[in-house]
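Notes to accompany the following structure.
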């Protein structure tokens, strides 16, 4: 009897949960020990995705994990439907993880007059690194707009951090002030130049940062995020 009652109670709980989910779905993001909840009112399916205020910035913050999760499961599903290898399917659908950036290295060094983009120090030929200004871990994009030449020390310390507003201002200015030179380099190297999506990604990454965030200024140096100067730099 007790077992029967337990099953009946469990069944009622499941039914109750199903009804609740019909009315509303809840997505929760755990960030910095703070729970952020987003409510999605239930509605008839109409092949549209509607994001409530705050959801887009939350997606940016968890983008690294979310992207890998989506790619893995999407590739697995498509591979299953087509009888293909999942690894091959993932590369076909989403591209290779990295590209050899060597073809654009000399052109970037010339564009920067032989100086590191970040510290301004002279670049030694053997130690020139091509860095993703918007870190690959946050925005996997190899277009020329997102690439700068840096020395080993700066590139090694910056890693997946977002650069400080002074660097952002120069990076944004380069798109317009050296636009012709970048276009010429892209043509010479047969490389993708980039478009407004790179700038859009920068706005999403920077302007959605929590107030307590710190940005990379240089090796061993960080500065607090300042949204208004960033907003001005990314116009």
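Residue numbers (this note's numbering): 4 to 238.
Built from N, CA and C at the ideal position, the CB exists for glycine as well.
If you're wondering where the values come from, they're calculated on a predicted model, not measured in any experiment.
Considering just the uninterrupted stretch of the alpha helix (DSSP H) at residue 218, what are its terminal residues?
First-last for residue 218: 217 to 221, but that is the beta strand (DSSP E), not the alpha helix (DSSP H).
Could you have a look at residue 151 and say whether DSSP puts it in helix, strand or coil?
It is a strand residue.
Say whether the stretch 222 to 235 touches the stretch 168 to 179, bearing in mind that this needs 3 or more beta-carbon pairs closer than 8 Å, one atom from each stretch.
Touching, per the Cβ criterion.
Over what stretch of residues does the beta strand (DSSP E) that includes residue 225 continue unbroken?
Per DSSP, residue 225 belongs to the beta strand (DSSP E) from 224 to 227.
Once DSSP output is grouped into helix, strand and coil, what is the label at residue 49?
Coil, per DSSP.
Are there 16 or more other CB atoms within 10 angstroms of the CB of residue 158, so buried, or fewer, so exposed?
So residue 158 ends up on the buried side.
Does the separation of the CB atoms of residue 110 and residue 192 fall below 8 Å?
For residue 110 and residue 192, yes; Cβs fall inside 8 Å.
Just the C-alpha distance for residue 66 and residue 200, rounded to the nearest angstrom, thanks.
Each residue's Cα considered, the two are about 16 Å apart.
Starting from residue 133, trace the beta strand (DSSP E) in both directions and tell me its first and last residue.
From DSSP, the beta strand (DSSP E) with residue 133 extends over 131 to 135.
If you count every other CB in all the chains shown that lies within 10 Å of the CB of residue 228, and 16 or more means buried, which is it?
Label assigned to residue 228: buried.
For residue 222, collect the residues of the same chain with a Cβ closer than 7 Å to its Cβ; drop the 5 residues on either side in sequence, then sort them by chain order.
Cβ neighbours of residue 222 beyond the five flanking positions: 156, 157, 160.
Could you please give the first and the last residue of the uninterrupted alpha helix (DSSP H) stretch that includes residue 60?
Counting along the chain, the alpha helix (DSSP H) containing residue 60 begins and ends at 58 to 64.
Could you spell out where the alpha helix (DSSP H) holding residue 109 opens and where it closes?
Segment 108 to 114, the alpha helix (DSSP H) holding residue 109.
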